[in-house]
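See below for the structure under consideration.
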Amino acid sequence: MFWRSVVGKLWFTILLLVCFVLFILTVLLLEFFQNYHVLEAESHLLQTADKISDVVDRYEGQEDLLLSTTALVKDPASRAVIVQNSEELVEADSESSQLPELGYSWFENDEELSTVLTNGEDVKKVANMGSGESGLMVVGTPLNNQEGAVFVYQSLDTIEETSEQTTKIIFLGAGIAIILTTIFAFFLSTRITAPLIKMREGAMDLAKGEFNTKIPIRTHDEIGELAMAFNRMGRDLKFHINALNQEKEQLSGILRSMADGVITFNRQGDVLISNPPAQQYLETYEYEISGMTPKSEQEARLPQPLQEQFKSVISEENESMTEMTLQGRSWVIIMTPLYDREKVRGAVAVLRDMTEERRLNKLRKDFIANVSHELRTPISMLQGYSEAIVDDIAETKEDKNELAQIIHDESLRIGRLVNELLDIARMEAGHIQLTTEPVEMEPYMQRIIRKFSGLAGEKAVGLKLEIDPSFHTLTFDPDRIEQVFTNLVDNAIRHTSAGGNVKVTIEDGDMEWVASVQDSGLGIAEDDLPFVFERFYKADKSRKRKDKNYKKGTGLGLAIAKNIVEAHDGSISVHSKLEEGTTFTFKIPYSPSEK
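In terms of my numbering, the sequence shown is residues 2 to 596.
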């Protein structure tokens, strides 16, 4: 609204101040001019009476000349009465018909006017003639050198008309002054408020984020300095906002790139900031509690263990650490208070997923235990049988040869274990060297099958090969892939009973070639399937075989096979059922020239 604007307020203030001053000045001027006109009229009438008194002295006894001279001396709008005694009264007429004719008795009976006749003093009086007649201003002065007096009077209407004209002039001047004041106030207000309006618009633009807004500087007074300060503020604000945005983006980037989860809480325990690992932790907790994931980080609830830890950190103002397991993953949580100067305003929690470290630690312990177990058995056998030879327990040459053969077999077993450990260590360290070359698949696979024909014949197991006719040449490391086939075919034959079958298949896949080794043997239990590719894992827990000719494995063959296949950017999997057989399948992508 206009009245709420600076222009309206400033205009109204200036106008009210000027009107108040003009009101006081008008009252004082009206009072002054009214008194001035009355005094001026009294002085003029008194001068007229003095002149008529002189005329009476000069033309005594000449009434006609006296009247004519008196008419010339006095104002036409006034009336003059010359009183010499009660019988002699000369009255000069007036042009105004409103002036009454006053007799000697009126002057004599009036207390103030009678003093002129009795005491010879000048008298001034305003007389009220009653209703229907105007008031009169009467002055009287005694005659010179004789008894009597001269009275001159006129109507107050003349003075009132003069006062009315003066009042009109004063009010006209006041009106002109108010109009000029209004124009000046609007002009001044506009000059003052126009830069302020620009600054308001600039402030609104700043609030919307438009920091390039500039206020034009048209004057060099306080408003101009304010505009300069506003423009400087806009530049500084833009600089600081950009710096804050950069710091925010940098902090956000750091949080997103951190492997550890970070959660910031306020003093009420509400989640303020969380990075992706922490959000994953909160979603996992929410899913475990309610079976649903939160839609946003503000809806995520603080887990109960963290609530207790949060209360402890806020109350004691000390760093706290706890560990919890969630959905099979192990988390270590370190929580530290956040300070706002001296007051704790919240806390920050760092969540580290220790699942992989714990798994690797377990693998390391299992590796040591498995290596110790695998080496202890052959070493014990070597020690025992060598002591039997040294102590001459074996009396015959055949017994000694049998013991020596066992010692030889166990030493070979130790050698295989050490070599396989070295191979898998190099593979897992990424030091495996592949020598890829084009390989004719038909003769290559026939050679591998012939190598196991003797073992299959001894076990009375049928060994069969099927190759896709479209395959002629594939590119891979023949020695390494042969090691994979050797491990898979050997395991298939050894775990298949007499009369069973082992089938090796090479076929075309989607942008890759697929090899599988299928047997009809004992199969692998469902609980053991996820672990068959781990080092030293054996599905045969008893480590016993009814076949005395069965050579125990080291438990590293499948782990080595997996590393070789993955080194070719492929994948390996297993499907099995107890008493129905097992199928190992690995897939290797075609080389660019084969696609």
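Ideal Cβ placement from N, Cα and C applies to all residues, glycine included. Please read these numbers as outputs of a predicted model, since none were measured by experiment.
Measuring CB to CB, does residue i end up less than 8 Å from residue j?
i           : j           : result
residue 231 : residue 216 : yes
residue 145 : residue 54  : yes
residue 522 : residue 506 : no
residue 577 : residue 500 : no
residue 17  : residue 186 : no
residue 585 : residue 515 : no
residue 390 : residue 413 : no
residue 47  : residue 175 : no
residue 50  : residue 141 : yes
residue 179 : residue 20  : yes
So what's residue i in DSSP terms, helix, strand or just coil?
i           : result
residue 236 : helix
residue 21  : helix
residue 154 : strand
residue 460 : helix
residue 10  : helix
residue 411 : helix
residue 502 : strand
residue 80  : strand
residue 276 : coil
residue 210 : coil
residue 508 : strand
residue 442 : helix
residue 267 : strand
residue 566 : helix
residue 587 : strand
residue 496 : coil
residue 338 : strand
With 16 as the cutoff for other CB atoms within 10 Å, does residue i come out buried or exposed?
i           : result
residue 512 : exposed
residue 312 : exposed
residue 196 : buried
residue 266 : buried
residue 252 : exposed
residue 533 : buried
residue 547 : Interpretation of residue 547 is limited by its pLDDT of 44, a score under 50 that renders its predicted location unreliable; the figure taken from the coordinates is listed afterwards. Exposed.
residue 224 : buried
residue 310 : buried
residue 544 : For residue 544, the predicted structure reports a pLDDT of 37, less than 50, and the residue's modelled location is therefore unreliable. A value from the coordinates is still provided. Residue 544 should be labelled exposed.
residue 489 : buried
residue 80  : buried
residue 561 : buried
residue 307 : buried
Go through its chain and collect everything with a Cβ distance to residue i's Cβ below 7 Å, but skip five positions before and after it.
i           : result
residue 387 : 408
residue 132 : No answer about residue 132 holds up, because its pLDDT of 41 lies below 50 and its placement is not dependable.
residue 286 : 304 and 327
Return the residue from the list the options that minimises the CA-CA distance to residue i.
i           : options               : result
residue 1   : 420, 154, 283 and 352 : No answer is possible for residue 1: the residues shown for the chain start at 2 and end at 596.
residue 439 : 265, 591 and 349      : 591
residue 483 : 447, 41, 458 and 464  : 447
residue 83  : 28, 152 and 467       : 152
residue 39  : 564, 14 and 138       : 138
residue 281 : 366, 257, 270 and 402 : 257
residue 559 : 569, 570 and 575      : 575
residue 329 : 486, 398, 357 and 338 : 357
residue 493 : 475, 465, 470 and 423 : 465
residue 208 : 226, 238, 182 and 219 : 238
residue 343 : 390, 315 and 573      : 315
residue 305 : 324, 220, 320 and 318 : 324
residue 226 : 193, 247 and 70       : 193
residue 339 : 488, 15, 404 and 273  : 273
residue 481 : 565, 531 and 411      : 565
residue 32  : 52, 167, 77 and 143   : 167
residue 275 : 290, 288, 254 and 289 : 254
residue 454 : 443, 529, 441 and 503 : 503
residue 419 : 406, 37, 379 and 162  : 379
Excluding the 5 residues preceding and the 5 following residue i in the sequence, name in chain order all residues of the same chain whose CB lies nearer than 8 Å to its CB.
i           : result
residue 510 : 588
residue 42  : 138, 155, 159 and 160
residue 345 : 268, 315, 318, 338 and 339
residue 581 : 521 and 524
Using a Cβ-Cβ cut-off of 6 Å (strictly less than) and excluding sequence neighbours within five positions of residue i, which residues of its own chain qualify?
i           : result
residue 436 : 478
residue 457 : 464 and 494
residue 508 : 469 and 515
residue 355 : 331 and 333
residue 35  : 164
residue 171 : 27 and 30
residue 668 : The chain is shown only over 2 to 596; residue 668 falls outside these bounds and no answer can be derived.
residue 563 : 534 and 573
Flag residue i as yes if its beta-carbon sits less than 8 Å from any beta-carbon of chain D, otherwise no.
i           : result
residue 211 : Looking for chain D here will not work: only one protein chain is present.
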